[in-house]
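*Asks:* Numbering (our numbering), first residue to last: 26 to 341.
Even for Gly, the Cβ is constructed at its ideal location relative to N, Cα and C.
Given the structure is predicted, the values throughout are model-derived calculations rather than measurements.
My structure is below; once you've seen it, I'll send some questions.
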Ligand code: NAP
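Here it is in structure tokens:
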């Protein structure tokens, strides 16, 4: 059989902890999983210390956790291909995934494509993206030494981004659309203690990114209680307003919920037999590294079971 005709047992799409956990389990089941580990970095690779991954008393760095998990899966025979899935189709006896360079056929598919940073869709945001507008303070914080930065959002990510910036910036201003954060108490407490350099503007929305043509110079904000519009000077704007599940190529082919997350049953199955989903792409609630890994494991065990069933029924 030539390479193009080969039908794999398992293909996993994704490059995060859900994908590598699924890869580890399917590799140990001798299913020789192929991981299409994409081109965009996963969320743990963009973070610093993960303090809530069990077994590491002093925490573990996110990128280290991902790199170790990848190597662990590869040790058992998983193969990581650095390509992104661009289209997907359901054929009679297999599923087909195409990247810009290759086409892959598989009996089972585990989707662990995660979620991407949400944007505000306001004037100036795209124009200055990468020139002062960012979605990753952990990556860019050092560029803001002795400069001013704004963080938008009220969740754990916003707290984490602000803490990362605090180490370098002259001043950090958090702008939140309500008068209460949704972040965990421990993260909020850390922020509230840093009054020397962290300001908070409540009940306000950023409505425009301002710049000088080359880089960001400020933002226009609207107070949602008074409707008053004002301008604040800043050098950088960090968006920490949540994520959007990466399910574009599955639209109309696999059932999604109203927000675009893949719908799964308790056993990580989608509505298509043989297709499973794990991690943030199917989780609008927990979105934790550990729950992602857990669903990666579930998806892998279910894919293995499905292949056994196909074989038992003579349909393999
Ligand atoms: P999130 O919890 O969904 O919070 C998003 C924040 O952005 C909310 O405060 C929301 O406001 C705000 N927001 C959403 N859309 C907005 C818009 N269009 N304009 C202005 N504000 C907007 O997202 P997250 O902070 O990325 O966290 C996601 C998950 O990852 C959570 O489960 C979190 O616990 C976890 N996480 C954990 C850690 C950690 O433990 N170290 C770090 C990062 C993330 P409202 O509050 O008004 O809805």
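Which ranges would you report for the alpha helix (DSSP H) in the segment 186-221 if only whole runs of at least 4 residues count?
*Replies:* Those alpha helix (DSSP H) runs which fall completely within the segment 186-221 and span 4+ residues are 210-217.
*Asks:* Pull up the distance between the alpha-carbon of residue 75 and that of residue 84, whole angstroms please.
*Replies:* Roughly 5 Å between the two C-alpha positions.
*Asks:* Could you check where the beta strand (DSSP E) with residue 342 kicks off and where it finishes?
*Replies:* Because the chain is modelled from 26 through 341, residue 342 falls outside the range shown and cannot be assessed.
*Asks:* Kindly indicate the opening and closing residues of the beta strand (DSSP E) around residue 34.
*Replies:* Taken as a continuous stretch (DSSP letters only), the beta strand (DSSP E) holding residue 34 covers 32-38.
*Asks:* How would you call residue 223, buried or exposed, if buried means at least 16 neighbouring beta carbons within 10 angstroms?
*Replies:* Flag for residue 223 reads buried.
*Asks:* Using CA atoms only, rank isn't needed, just tell me which of 149, 259 and 279 is closest to residue 342.
*Replies:* It is not possible to answer for residue 342, since the shown part of the chain is limited to 26 through 341.
*Asks:* Nearest CA to the CA of residue 301: which residue from 93, 55, 101 and 131?
*Replies:* Closest by alpha carbon: 131.
*Asks:* So which residues touch the region around ligand 1, with touch meaning a C-beta under 5 Å from any heavy atom?
*Replies:* That gives 178, 179, 180, 181, 182, 185, 202, 203, 207, 266, 267 and 312.
*Asks:* Thinking C-beta only, is residue 41 closer than 7 Å to residue 67?
*Replies:* The answer is yes: Cβ separation under 7 Å.
*Asks:* To test your reading of the DSSP string, which unbroken beta strand (DSSP E) runs of 3 or more residues are found completely within the segment 256-291?
*Replies:* Counting only runs of 3 or more, we get 261-264 and 268-270.
*Asks:* If we call anything under 7 Å between Cβ atoms a contact, is residue 304 one with residue 293?
*Replies:* No, they are not a contact pair.
*Asks:* Only counting runs of 4 or more residues, tell me where the alpha helix (DSSP H) segments fall wholly within the segment 47-107, in order along the chain.
*Replies:* Fully enclosed alpha helix (DSSP H) runs of 4 or longer: 87-100.
*Asks:* Tell me whether residue 31 is buried or exposed, calling it buried when 16 or more other Cβ atoms sit within 10 Å of its Cβ.
*Replies:* When all chains shown are included, residue 31 counts as exposed.
*Asks:* Look up residue 122 in the DSSP assignment and say whether it is helix, strand or coil.
*Replies:* Note: residue 122 maps to strand in three-state DSSP.
*Asks:* Going by Cα to Cα distance, which pick from 51, 89, 58 and 137 is closest to residue 275?
*Replies:* Among 51, 89, 58 and 137, the Cα nearest to that of residue 275 belongs to 137.
*Asks:* Taking its Cβ as the centre, do 16 or more other Cβ atoms sit within 10 Å of residue 217, making it buried, or is it exposed?
*Replies:* By the 10 Å Cβ count, residue 217 comes out exposed.
*Asks:* How is residue 238 classed by DSSP in three states: helix, strand or coil?
*Replies:* Coil, per DSSP.
*Asks:* Within the same chain, show all residues whose beta-carbon is closer than 6 Å to that of residue 323, passing over the 5 residues directly before and after it, in chain order.
*Replies:* Answer for residue 323: 293, listed in chain order.
*Asks:* Please identify the residue among 220, 119, 141 and 201 whose C-alpha is closest to the C-alpha of residue 231.
*Replies:* For residue 231, the nearest C-alpha among the options comes from 201.
*Asks:* To the nearest angstrom, report how far apart residue 108 and residue 35 are at their CA atoms.
*Replies:* When rounded, the distance between both Cα atoms is 16 Å.
*Asks:* Contact defined as beta carbons within less than 8 Å: I believe residue 245 pairs with residue 228. What is the distance between those atoms, to the nearest angstrom?
*Replies:* Their Cβ separation, rounded to whole angstroms, is 16 Å, which puts residue 245 and residue 228 out of contact at 8 Å.
*Asks:* Tell me which residues share the same chain as residue 63 and place their Cβ nearer than 6 Å to its Cβ, disregarding the 5 neighbours each side in the sequence.
*Replies:* Within the same chain, residue 63 has close Cβ partners 40 and 109.
*Asks:* Can you check DSSP and say which residues form a bridge with residue 243?
*Replies:* Bridge partners of residue 243: 235 and 258.
*Asks:* CB of residue 284 to nearest heavy atom of ligand 3: below 6 Å?
*Replies:* Within the structure as shown, ligand 3 is missing, the only ligands being ligand 1.
*Asks:* Using only the alpha-carbon positions, how far apart do residue 241 and residue 57 sit?
*Replies:* Each residue's alpha carbon lies about 48 Å from the other.
*Asks:* Does the count of Cβ pairs from the segment 252-266 and the segment 182-197 closer than 8 Å reach three?
*Replies:* As far as the Cβ criterion goes, the segment 252-266 touches the segment 182-197, which means the pair count is three or higher.
*Asks:* Would residue 311 be called buried (16 or more neighbouring beta carbons within 10 Å of its own) or exposed?
*Replies:* Looking at its Cβ environment, which holds fewer than 16 other Cβ atoms inside 10 Å, residue 311 is exposed.
*Asks:* Write down the C-beta distance between residue 281 and residue 289 rounded to the nearest angstrom, noting that I regard them as a contact closer than 8 Å.
*Replies:* Wrong, their Cβ atoms sit about 11 Å apart, outside the cutoff.
*Asks:* So, are the CB atoms of residue 134 and residue 154 less than 7 Å apart?
*Replies:* Against a cut-off of 7 Å, the Cβ pair of residue 154 and residue 134 comes out as no contact.
*Asks:* For residue 70, count the other beta carbons within 10 Å of its own beta carbon; 16 or more makes it buried, fewer makes it exposed. Which is it?
*Replies:* Buried.
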